[in-house]
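Protein sequence lines correspond, in order, to chains A and B.
Read in order, the letters of the first sequence correspond to residues 30 to 333 in the numbering used here.
Read in order, the letters of the second sequence correspond to residues 159 to 673 in the numbering used here.
Below: one structure, written as structure tokens.
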Amino acid sequence: MAYFLQQLINGIALGSIYGLIAIGYTMVYGIIGMINFAHGDIFMVGAFIALIAFLLVMSLGITMVPLALLIVLLVAMALTAMWGWTVERIAYRPLRESFRLAPLITAIGMSIVLQNFIQVAQGARVKPLQPVVTGGYTLYEEGEFAVNLSNMQILIVVTTLVLMTVFWLIITRTALGRSQRACEQDRLMAALSGVNVDRTISLTFVLGAALAAVAGLLYLLYYGVIDFYIGFVAGIKAFTAAVFGGIGSLPGAMLGGLVIGLIETFWSAYFTIEYKDVAAFSMLAIVLIFFPTGLLGRPEVEKV
Amino acid sequence: MAEPGTSFSQRLGPALLDSLLAAIIAFALFSLLLGLRTVDSVTGLTLESRPTLLAIVVGIVFFGRLLLNLFVWHGDYPITTPFAKLFNSEKFDRLDIRVLGIVAALATLILAIGIAIGNAASQLVGICVLAFMGLGLVRRTVVHFFPNLPYGRIFTVGGIAFAVLFPITAYILEKAFHLGLPLRYFFDLSILVLTYVMLGWGLNIVVGLAGLLDLGYVAFYAVGAYTFALLATHFGLGFWICLPIAGAAAALWGIVLGFPVLRLRGDYLAIVTLAFGEIVRIVLLNWTDVTNGPNGVSGIPKPTFFGLPFTPTGDATFSSFFGLKYDPIQGIIFLYYVILALAMITNLVTLKLRRLPIGRAWEAMREDQIACRSLGINTTITKLSAFSIGAMFGGLAGSFFATRQGFISPESFTFIESAIILAIVVLGGMGSQLGVAIAAIVMVGGFEALRHTEHLQSFFGEGFDPALYRMLLFGVAMVGIMVWRPRGIVGTRTPSIALEKARPIPKDLVEEGSA
């Protein structure tokens with residue numbers, strides 16, 4: 030029981046990170062119907078920016094951890110958002126009216142570019158960071174085994190909840206959210222009614238990348254090591270999460286992220302850790318076969 | 159941005175402003191990632207600053223964009239026009255000839271200086287520019303004098319003839335005149351290119367003809383390779399017996415993996431096939447009892463020539479049977495012909511299938527799945543057949559790969575492999591056999607050429623390691639070619655069937671299906 034509870038906590042923390050990345054996929058897919066394959070690598074770039082910003086802040090002598098983390102968070106969000114914007118501008122916008130495979134190919138290309146750029150610029154070795162947020166609470170003890178809830182896990186879940194709420198408000202309450210939903214339904218019609226479609230799409234990428242940066246920072250703090258390759262697997266899993274929850278749906282992305290995080294954690298805990306990715310990917314196939322539109326997605330009407 | 163037709167001084171201001179903005183963005187993007195570098199030290203990670211590198215990159219962005227703004231994008235006479243005219247049939251005007259002349263003179267100058275001071279990089283630049291212009295001029299001349307030749311066919315026949323004759327000719331020339339050609343390297347590279355041509359043609363059946371986006375094609379490649387490797391090492395079977403078995407195994411896996419994804423469409427299909435590809439790789443990596451895990455399978459036998467092995471000693475070897483002197487290059491030439499034959503079979507089968515009902519069903523399904531279904535075509539069988547036939551060729555290529563390498567491990571079957579194959583198909587112009595071949599040569603050949611770039615090393619200094627930049631350049635090329643020519647290198651597609659005369663139809667009239 031204690032073991033189960035511990036895994037539940039771990040799974041929720043991991044799932045929150047996946048959920049944050051998944052939002053970027055789900056929003057972009059919702060609005061322009063393409064898989065932003067480079068999004069996982071944007072997350073990785075965000076983690077690297079966060080790492081470098083953190084080291085920089087530390088070397089500048091700001092040792093108060095909450096302040097340092099806040100600065101790092103803002104810097105990482107701003108710069109990663111810029112990366113997201115640039116990627117859209119260079120690789121996707123010129124192909125907006127092209128056939129459907131074209132942006133997917135440039136997205137794969139961009140993913141290769143980002144990975145190798147980081148490898149060239151920062152080296153291929155893993156980057157370790159000593160634990161920054163330490164301590165925690167013991168919730169429950171059962172014989173030898175204690176269920177721990179670390180401060181880091183609390184930070185992850187709280188950050189995710191806060192950001193999700195802010196996001197939910199942006200999408201449902203603001204003009205930007207309205208134009209986003211308009212573009213999602215019908216881009217041409219939205220343009221005719223005065224929505225700046227290009228700007229809306231750019232902002233979608235910016236928002237998605239900013240959330241990915243947060244996920245990157247949390248990942249860095251939680252695991253303490255990153256390398257240039259983390260974006261690929263995390264990206265596929267986050268996409269799985271987005272599809273699982275129903276692509277285009279924000280709560281769906283979060284729910285999907287949690288489910289994938291839990292599956293992965295429990296699989297590693299009770300079965301074999303080597304096959305945890307197989308479990309997550311098989312889940313993707315199974316869900317798509319039985320719920321092609323995901324758990325919370327709207328059914329797609331097929332038109333000729 | 160300034161409109162075309164405004165004077166240079168009018169355009170300068172906005173162009174400067176725009177470039178400045180680009181430079182600021184570049185500065186923001188690269189400030190932390192390039193300007194600072196994390197270094198391992200005793201106390202953990204520390205930072206090391208690289209202001210010069212950052213300044214150079216930002217400078218390149220600023221001046222590059224300024225030049226593009228002034229002379230390419232918004233000039234009243236974009237200097238890309240004359241170069242474009244080299245490759246289409248528009249008439250040159252005086253300005254075009256002047257621009258081309260100046261560029262040619264400059265390129266010659268650069269080349270001459272490069273030769274004089276022995277700088278390999280400037281020689282390379284000069285040769286590339288001159289070759290590009292020369293190619294355009296040759297093309298224009300040929301088209302001018304013979305406007306109605308069937309160029310596509312000439313190109314195809316010429317290409318095949320070259321592919322068939324090249325190794326033998328090179329070998330004989332080398333033996334006769336001792337030219338010192340790096341034959342081994344030539345053949346290895348051609349074998350690599352041909353393997354990718356075959357994979358591209360195989361995937362083209364799935365993506366180009368049936369319109370099913372498969373991001374996990376490498377799984378079938380892996381199945382073929384492992385089938386042969388395991389049969390050969392455990393049961394001592396030879397290449398020729400295992401080849402059909404490997405093909406059949408891959409085709410079977412095509413059906414097995416195809417079944418669950420029958421209902422999926424477009425990008426969903428892409429991501430599930432990607433997941434399958436990864437699953438296959440992870441299983442190969444962790445199922446140590448059978449696949450030997452990350453250590454891979456080694457000691458895979460080479461193919462024999464009707465039972466005659468290419469070994470230096472033995473009773474009946476290829477060289478002793480034909481009374482030749484033993485030379486390891488003979489085995490490589492044989493491998494070259496094996497993969498050439500396999501690739502040509504793939505091509506012929508594809509061309510034949512396109513004319514059969516099943517091929518037409520594929521193309522119908524690509525164009526419109528619903529219409530296809532309402533015409534009574536069974537889309538289940540159509541999809542599964544595309545998957546399994548594509549997979550079969552992937553499996554054949556895989557077992558060839560295993561026999562050529564003699565050693566395989568899950569490392570060779572990562573997602574990047576699938577991405578390269580897909581890039582070859584899409585960049586080649588989907589559905590075009592010739593385009594796929596050209597794209598394979600350009601991508602794989604260019605990619606390999608970067609391995610041997612001592613010139614660049616002399617240009618950028620000792621610390622420059624070209625191998626590191628290969629994948630980066632590959633990604634840039636993938637994005638660049640796609641943005642520049644979204645319809646692929648061969649932009650037209652010959653219809654599989656036509657009334658009277660078959661005219662090529664431009665790609666933009668052909669919509670890729672949503673399936």
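C-beta: ideal position from N, C-alpha, C; glycine also.
Check                                                                                                                                                           : Outcome
Whose CA, out of B:I349, B:V355 and B:L331, lies closest to the CA of B:F551?                                                                                   : B:V355
Indicate whether B:A529 and B:F378 have their beta-carbon atoms separated by less than 8 Å.                                                                     : no
Look at the alpha carbon of B:F480 and the alpha carbon of B:G405, and state the distance between them as a whole number of angstroms.                          : 31 Å
Can you tell me where the beta strand (DSSP E) holding A:E293 begins and where it ends?                                                                         : No beta strand (DSSP E) holds A:E293; the alpha helix (DSSP H) holding it covers L279 to Y299.
Going by DSSP, name the residue or residues bridged to B:Y308.                                                                                                  : Inspection of the sequence shows that residue 308 of chain B is occupied by Pro rather than by Tyr. None, per the DSSP bridge assignment.
Given that B:I413 touches chain A, what residues does it touch there, using C-beta distances under 8 Å?                                                         : Neighbours of B:I413 on chain A: none; closest Cβ ~15 Å, over 8 Å.
On the DSSP bridge assignment, give the partners of A:Y166 in chain order.                                                                                      : A:L178
With C-beta atoms as the reference, is A:M56 less than 8 Å away from A:L236?                                                                                    : yes
How about the region 516-527 of chain B and the region 384-395 of chain B: do they share at least three Cβ pairs that are nearer than 8 Å?                      : no
Could you confirm whether any beta carbon from chain B is found closer than 8 Å to the beta carbon of A:D306?                                                   : yes
Residues of chain A with CB under 7 Å from B:Y329, in chain order?                                                                                              : By Cβ distance, chain A contributes nothing, its closest Cβ being about 37 Å from B:Y329, past 7 Å.
Residues of chain B with CB under 8 Å from A:L133, in chain order?                                                                                              : L371, D425 and A428
The beta strand (DSSP E) spanning B:R195 covers which residue range?                                                                                            : L194 to S199
If you run the structure through DSSP and keep just helix, strand and coil, what is B:P568?                                                                     : helix
What residue range is occupied by the uninterrupted beta strand (DSSP E) comprising B:G202?                                                                     : G202 to S207
For B:F166, would you say it is in contact with chain A, using Cβ-to-Cβ distances shorter than 8 Å as the test?                                                 : no
B:N444 CB to nearest chain A CB: under 8 Å?                                                                                                                     : yes
Under 8 Å between C-beta atoms, does A:T55 make it to chain B?                                                                                                  : no
Are at least three pairs of beta-carbons, each pair with one atom in the region 74-94 of chain A and one in the region 249-261 of chain A, less than 8 Å apart? : yes
Using a beta-carbon distance below 8 Å, is A:G90 in contact with chain B?                                                                                       : no
To the nearest whole angstrom, what separates the beta carbons of B:R439 and B:F571, a pair I think is in contact under 8 Å?                                    : 5 Å
If I measure Cβ to Cβ from A:C212 and keep anything under 6 Å in the same chain, skipping five residues before and after, which residues do I get?              : I60, A219, V226 and T229
Where does A:E173 land, buried or exposed, given buried means 16+ other C-beta within 10 angstroms?                                                             : exposed
Return no unless some Cβ of chain E is closer than 8 Å to the Cβ of B:L432.                                                                                     : Among the chains of the structure shown, chain E does not appear; the protein chains present are A and B.
Would a check of beta-carbon distances place A:I255 closer than 8 Å to chain B?                                                                                 : no
Name the one or two DSSP bridge partners that A:P157 has.                                                                                                       : A:V254
Exposed or buried, which one is A:K305 when buried takes at least 16 other CB atoms within 10 Å?                                                                : buried
Quick check on B:L482: does DSSP put it in helix, strand or coil?                                                                                               : coil
According to DSSP, simplified to helix, strand and coil, what is B:L226?                                                                                        : helix
Which stretch, first to last residue, makes up the alpha helix (DSSP H) that contains B:W411?                                                                   : F397 to G416
Answer yes or no: do B:G382 and B:S557 have a C-beta to C-beta separation smaller than 8 Å?                                                                     : yes
Tell me which same chain residues have a C-beta within less than 6 Å of the C-beta of B:S546, skipping the five on either side of it?                           : A409, G412 and I413
Could you tell me which chain A residues have their CB closer than 8 Å to the CB of B:T196, listed as they occur along the chain?                               : L80, I81, L84, Q151, G152 and K156
Using the beta-carbon of each residue, which ones in chain B are nearer than 7 Å to A:W112?                                                                     : L187
Could you check the C-alpha separation between B:L205 and B:D198 for me, to the nearest Å?                                                                      : 9 Å
Using beta-carbon positions only, say whether B:G317 and B:A595 come within less than 8 Å of one another.                                                       : yes
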